[in-house]
Amino acid sequence: MKKAAAGLFAVLATAALAGTASAQVCAGFPSSDRGFYFGGRADFPEDQDSFGVEANYNAAGPIGVYGGLNVITIDEVEDSDTNEFFAGVAFETPALGMMIGPRVSACPVIEGRVRSFEDFGDLVQVPIGLGLGADLGIPVGPSVSGYVQPQVVFSRFNPEDDDIDTETETDFGIKAGANIGFSLLTIGGEVRHVFQEDADPLFAIRVGIRL
């Protein structure tokens, strides 16, 4: 019994820790094993402008990490710049992806986002989701891939004024997008949405290079 359990554990561990030769599409980035991605993005929140940079490293194995910075400005309001920092980690599970399809990439993803509002406080969000992605495997021409991440999003607003209570919320969210690769250059689009009252979907355009 112990030998059978040990054998089963070894099989599961090997499946979980095995790397894949394809890009870690489930995390939303087209980088391959031991590959980097670096790019810029423009998001389109209502009545605001958002421009940023992002980077990703896909280790030789299941782990992928990413992070970035967005600078967000409210339209027609001077000195309204706020910074949003984000970082995340994805753990690819090839066995789960193969259960869904031969070209499917699957990974749990945890992310953290912090946006500071001067004189008001900080908004902290922690989306936790399951990423599913697929490369269409087109033999000729640009590579095309897509991904979707259903999420649970934990939000916390920490006011600068000690007399105001901290607010916390738990909501469902989703992130989805597609990338088109031309050799080293990648162009993509993305949509993020947290299902909160009066919240609108957030669309983005992304351009980057794979190294």
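FYI, in mature numbering (1 follows the signal peptide of the UniProt record, and there is no 0) the residues of the sequence shown are -23 to -1, 1 to 188. Backbone N, C-alpha and C define an ideal beta-carbon position, used for all residues, glycine too.
Outcome for residue i when other beta-carbon atoms lying within 10 angstroms are tallied against a minimum of 16
| i | result |
| --- | --- |
| S8 | buried |
| P116 | exposed |
| P79 | exposed |
| G118 | exposed |
Cβ neighbours of residue i in the same chain (closer than 6 Å, five flanking residues each side left out)
| i | result |
| --- | --- |
| P178 | V168 and H170 |
| G29 | R18, G45, L46 and N47 |
Closest Cα partner of residue i within the set the options
| i | options | result |
| --- | --- | --- |
| P136 | G150, L100, Q128 and D10 | L100 |
| D26 | F6, G12 and N47 | N47 |
| A155 | D138, F97 and G108 | G108 |
| I51 | V103, F63 and E23 | E23 |
| V42 | E31, G65 and G106 | G65 |
| F6 | D175, F131 and S120 | S120 |
| D138 | A4, E95 and I157 | E95 |
| E174 | S82, G150, R187 and S160 | G150 |
| I164 | A4, Q1 and F15 | F15 |
Cβ shell of residue i (< 8 Å), same chain only, five flanking positions each side left out
| i | result |
| --- | --- |
| F180 | D20, F21, G166, E167 and V168 |
Chain-order list of residues whose beta-carbon lies under 7 Å from that of residue i (same chain, five-residue window excluded)
| i | result |
| --- | --- |
| S93 | T59, N60 and D99 |
| F134 | G98, L100, T143 and E144 |
Residue(s) in a DSSP beta bridge with residue i
| i | result |
| --- | --- |
| T50 | D26 |
| R183 | R18 and G165 |
| R90 | F63 and Q102 |
| P85 | L107 |
| P136 | G98 |
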